[in-house]
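Asker: Can you keep this structure in mind? I'll have questions shortly.
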Amino acid sequence: MEIEEIIEMDEKHFMNVYSGRYPLYVEKAEGIKLYSKDGKVYRDFLAGIGVNALGYSNQRFKQVLKDQIDKIIHCSNLYYIEPQAELEKRLCQNSCYDRVFFANSGSEANEGALKLARKYFKKKGSNKFETITADKSFHGRTMSTVTATGQDKYKKPFTPLPEGFSTVPFNDLAALKAEVTDQTAAIMLEPVQGEGGIYPAVQEYLEGVRKLCDEKDILLIFDEVQCGMGRTGELFAYQNYGVEADIISLAKALGGGVPIGAFMAKEKVASAFEPGDHGTTFGGNPLATRAAAEVMDIMLEPGFLASVKEKGAYFRGELDKLVSSNNNLIETRGLGLMLALEVAESLSAKEITSQLFERGFLVNAVKETTLRFLPPLIVEKEDIDLLIKNIEEIIKAE
C-alpha cells in the first residue's frame with residue numbers, strides 16, 4: 002500500500018488519540034536508519050521512544066527471536082518458563098533486587114509497583130495507602146498511573162481520579178517532607194524524568210529522599226521505564242547515584258522492541274505478595290523474556306555501557322557548544338544518551354522537530370520549548386555530528 006492509502010484507512014478506523022502523525026511508513030530499518038517506502042532515509046534519534054536501544058535489525062538479536070518463535074511464543078504462567086527464569090536471574094544478579102514480576106508495559110509495571118506498596122503495608126497491619134510523586138513526572142496511562150503522573154494535561158480528561166496520590170516539585174526535598182503524612186506509603190520518582198522534559202534528579206535530593214523514607218517507614222519506588230536499561234550509561238539509572246529504592250519498574254528498552262515490562266523489589270517488600278494478589282496472562286511469556294535476556298547479554302558485554310557514557314558525553318558537549326553560541330538556546334539536560342535541548346520561547350521545538358523530519362532526522366518535542374533525544378544506544382558520533390549540524394542550520398535560519 003502507498004502511504005496515502007494507509008493514512009486514509011487509519012483516519013477512518015483508528016481511535017483519534019494521536020494528533021499530527023508524521024507521514025512516514027517505515028518499510029525496513031537497520032542500525033539507526035529507517036527506510037520509508039518512497040526510499041527516503043531517516044536517522045532515528047528517538048528509538049521508538051526509548052525502546053529500540055540496540056537499534057534495528059541486530060542480527061544476533063533477530064536470530065534469537067527467530068529461534069524462540071520456532072520453539073514457543075506463549076505459555077501460561079501456570080507453568081514454568083525457562084527464558085523467564087533466565088531473565089529473572091540476570092535482572093536480580095545485576096541489580097540490588099531479589100525478586101521480579103513481568104508485565105507487558107511500563108504502565109503495568111508501575112501499576113504493579115503501586116499495588117505491591119499498598120499490600121506491603123496492608124500485610125503489616127497498617128492503613129497507609131498514599132503515594133507522593135513529582136511535578137512533571139510521567140508514570141503511565143492506567144487510571145492509577147495517570148493519577149500518579151505529575152502533569153495535569155494527562156489527568157483532566159479522566160476526573161474524578163482515584164484517591165491517595167499527590168505531587169510536589171521535583172528536586173525539592175523540603176516540599177516533599179511537608180507533604181508526608183501518617184498515611185504516606187510510597188514516594189515514586191523517576192531518577193531522570195523523561196516525558197516531563199529530561200530532568201535528572203540531584204544527588205543530594207535522592208539521598209535525602211532515601212533517608213526520609215527510612216525515617217518515616219515509607220517505600221521508595223524508582224520508575225526507570227524510560228531511564229533504565231542502559232539509557233544513562235549504567236544498566237539502571239539508580240546506579241549513577243548509589244541510591245537504592247525498595248521497588249523499581251522497567252519497560253521500554255528491556256525487550257529491545259518486544260513488549261515487556263517488569264517491576265523488581267527487595268525481599269522484605271516482595272514477600273508481601275501472596276498467591277492471588279497479582280497476575281498476568283501475557284507478561285513474562287517465552288518470546289518476550291528471551292528477547293529481554295538477549296538485550297541484557299548484549300548490554301553487559303565489556304565496553305557497551307562505557308560507550309553509551311562516552312557518546313552521551315560527546316552528544317551533550319556538542320549540544321552545549323550550540324547553546325553557548327546561540328542566544329535562542331537556553332540549556333541542555335540529561336544523563337548518558339537521554340538528553341534535552343531547551344530553546345527560547347521565540348522558537349518552537351515542534352517546528353524544529355518538523356524541519357528535522359524533512360531533513361531526515363527523527364526527534365520529538367516533549368514541550369513547546371524542549372527537544373528530546375533518545376537515540377539507539379549504538380548511535381555513532383558521525384550521526385550525532387550530522388544532527389547537530391542540521392539543528393544549527395535550522396536555528397540560524399530562524
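If you're matching positions, the sequence shown starts at 2 in my numbering and goes up one per residue.
Think of the CB as a built atom: it goes at the ideal place given N, C-alpha and C, for glycine as much as any other residue.
Can you tell me which of the three DSSP states Gln204 falls into?
Answerer: Taking the first residue of the sequence shown as position 1, residue 204 is located at position 203. In this structure, Gln204 counts as helix in the three-state DSSP scheme.
Asker: How is the alpha helix (DSSP H) around Gly107 delimited, first residue to last?
Answerer: As a position in the sequence shown, residue 107 is number 106, starting the count at 1. Segment 107 to 124, the alpha helix (DSSP H) holding Gly107.
Asker: Using DSSP with H/G/I as helix, E/B as strand and the rest coil, what is Gly197?
Answerer: As a working note, residue 197 is residue 196 in the sequence shown. In the structure shown, Gly197 sits in coil (DSSP, three-state: anything other than H, G, I, E or B).
Asker: If you follow the beta strand (DSSP E) that Met189 is part of, which residue opens it and which one closes it?
Answerer: One-based indexing of the sequence shown puts residue 189 at position 188. Per DSSP, Met189 belongs to the beta strand (DSSP E) from 185 to 190.
Asker: Let me know if Val296 comes out buried or exposed under the rule of 16 or more other beta-carbons within 10 Å of its beta-carbon.
Answerer: Working through the sequence shown from its first residue, we reach residue 296 at position 295. Buried.
Asker: Would you mind working out which of Ala294, Lys322, Ser347, Thr333 sits nearest Glu83, comparing C-alpha positions?
Answerer: Against the sequence shown, residue 83 aligns to sequence position 82. Minimum Cα distance to Glu83 is reached at Ala294.
Asker: Take Asn285 and list the residues in its own chain whose beta-carbon comes closer than 6 Å to its own, dropping the five residues that flank it on each side.
Answerer: Residue 285 sits at position 284 when you count from the first residue of the sequence shown. The question names Asn, but residue 285 in the sequence shown is Gly. Cβ within range, chain order: Gln85, Phe103.
Asker: As a quick exercise: from Ile33, Lys124, Asp39, pick the residue whose alpha carbon is nearest that of Asp45.
Answerer: For the purposes of this step, residue 45 is taken as residue 44 along the sequence shown, with counting starting at 1. With distances taken between Cα atoms, Asp45 lies closest to Ile33.
Asker: Should Asp39 go down as buried or exposed, given a rule of 16 or more other Cβ atoms within 10 Å for buried?
Answerer: As a first step, residue 39 is located in the sequence shown; it is residue number 38 there, counting from the start. Under this definition Asp39 is an exposed residue.
Asker: Quick one: complete beta strand (DSSP E) runs, 3+ long, within the segment 217 to 271?
Answerer: Whole beta strand (DSSP E) segments, 3+ residues: 220 to 224, 248 to 251, 262 to 266.
Asker: How do the segment 361 to 377 and the segment 341 to 352 stand: do at least 3 beta-carbon pairs fall below 8 Å, yes or no?
Answerer: Counting Cβ pairs under 8 Å, three or more are found: they touch.
Asker: Quick one: what's Ser37 bridged to in DSSP?
Answerer: Within the sequence shown, the letter at position 36 stands for residue 37. DSSP output for Ser37 lists Val27 as bridge partner(s).
Asker: Using 10 angstroms around the beta-carbon of Gln64, count the other beta-carbons present and answer buried if the total reaches 16, otherwise exposed.
Answerer: For the purposes of this step, residue 64 is taken as residue 63 along the sequence shown, with counting starting at 1. The residue is exposed, with fewer than 16 neighbouring Cβ atoms inside 10 Å.
Asker: Checking 7 Å against the spacing of the C-beta atoms, do Gly1 and Lys212 come in under that value?
Answerer: Because the chain in this structure spans residues 2 to 399, residue 1 falls outside the shown range and cannot be described.
Asker: Would the beta-carbon of Leu207 fall within 7 Å of that of Cys214?
Answerer: Here the question's residue 207 lines up with position 206 in the sequence shown. Here the question's residue 214 lines up with position 213 in the sequence shown. No.
Asker: Whose CA, out of Asn241, Lys154, Ala271, Thr233, lies closest to the CA of Leu340?
Answerer: The residue labelled residue 340 in the question sits at position 339 within the sequence shown. Of Asn241, Lys154, Ala271, Thr233, the residue nearest in Cα terms is Thr233.
Asker: Spatial neighbours of Glu332 within its chain, please: C-beta separation below 7 Å, excluding the five flanking residues on both sides.
Answerer: Within the sequence shown, residue 332 is the residue found at index 331, counting from 1. Closer than 7 Å at the Cβ level, and outside the excluded window around Glu332, lie Val324, Glu343.
Asker: Specify the secondary structure class of Gly280 as computed by DSSP and reduced to three states.
Answerer: Sequence index remark: in the sequence shown, residue 280 carries index 279 (1-based). In the structure shown, Gly280 sits in coil (DSSP, three-state: anything other than H, G, I, E or B).
Asker: What are the boundary residues of the alpha helix (DSSP H) that Arg91 is part of?
Answerer: The residue you call residue 91 lines up with position 90 of the sequence shown. That run of the alpha helix (DSSP H) goes 83 to 94.
Asker: Rounded to whole angstroms, how far is the Cβ of Gln227 from the Cβ of Gly195, which I believe are closer than 8 Å?
Answerer: Looking up residue 227 in the sequence shown gives position 226. Looking up residue 195 in the sequence shown gives position 194. So it is a contact: roughly 4 Å between Cβ atoms.
Asker: Can the beta-carbon of Glu191 be found less than 7 Å from the beta-carbon of Gly165?
Answerer: Working through the sequence shown from its first residue, we reach residue 191 at position 190. Working through the sequence shown from its first residue, we reach residue 165 at position 164. Not in contact: Glu191 and Gly165 (Cβ atoms no closer than 7 Å).
Asker: Where do the N-terminal and C-terminal ends of the beta strand (DSSP E) with Phe358 fall, by residue?
Answerer: As a working note, residue 358 is residue 357 in the sequence shown. Note, Phe358: premise wrong, no beta strand (DSSP E); alpha helix (DSSP H) at 350 to 359.
Asker: If you reduce the DSSP assignment to three classes, tell me which class Ile331 lands in.
Answerer: By one-based count along the sequence shown, residue 331 stands at place 330. Note: Ile331 maps to strand in three-state DSSP.
Asker: Since Val309 is in the alpha helix (DSSP H), which residue starts that stretch and which ends it?
Answerer: Along the sequence shown, read from residue 1 onward, the residue named residue 309 stands at position 308. Start and end: 305 to 325.
Asker: Please report the distance separating the alpha-carbon of Phe15 from that of Glu3.
Answerer: Taking the sequence shown and counting its residues from 1, the one referred to as residue 15 is at position 14. Taking the sequence shown and counting its residues from 1, the one referred to as residue 3 is at position 2. Roughly 18 Å between the two C-alpha positions.
Asker: Who are the near neighbours of Ala350 in its chain, counting only those whose CB is closer than 7 Å to its CB and skipping five residues on each side?
Answerer: Within the sequence shown, residue 350 is the residue found at index 349, counting from 1. Result list for Ala350: Val344, Ala366, Lys368, Glu369, Thr370, Thr371, Leu372, in chain order.
Asker: Taking the alpha carbon of Tyr57 as the reference point, which residue from Ile74, Asp298, Tyr36, Thr146 has its own alpha carbon closest?
Answerer: One-based indexing of the sequence shown puts residue 57 at position 56. Out of Ile74, Asp298, Tyr36, Thr146, Tyr36 has the C-alpha closest to the C-alpha of Tyr57.
Asker: Assuming the contact rule is C-beta atoms closer than 8 Å, Gly198 and Lys137 should be a hit. Round their C-beta distance to whole Å, please.
Answerer: Your numbering for residue 198 matches position 197 in the sequence shown. Your numbering for residue 137 matches position 136 in the sequence shown. 6 Å between Cβ atoms; contact.
Asker: Here's the rule I'm using: 16 or more other beta-carbon atoms within 10 Å means buried, otherwise exposed. How should Asp1 be labelled?
Answerer: Nothing about residue 1 can be reported from this structure: the residues present for the chain run from 2 to 399 only.
Asker: Return the bridge partner residues of Phe410 from the DSSP annotation.
Answerer: Lying outside 2 to 399, the shown extent of the chain, residue 410 is not represented and no answer is given.
Asker: Suppose contacts are defined by Cβ-Cβ distances below 7 Å. Is Phe223 in contact with Tyr239 by that definition?
Answerer: Walking along the sequence shown from the start, residue 223 turns up at place 222. Walking along the sequence shown from the start, residue 239 turns up at place 238. Yes. Within cutoff.
Asker: Anyone know if the C-beta pair for Leu348 and Gly231 falls short of 7 Å?
Answerer: Position 347 of the sequence shown, counted from the first residue, corresponds to residue 348. Position 230 of the sequence shown, counted from the first residue, corresponds to residue 231. Cβ distance not < 7 Å, so Leu348 and Gly231 don't count as in contact.
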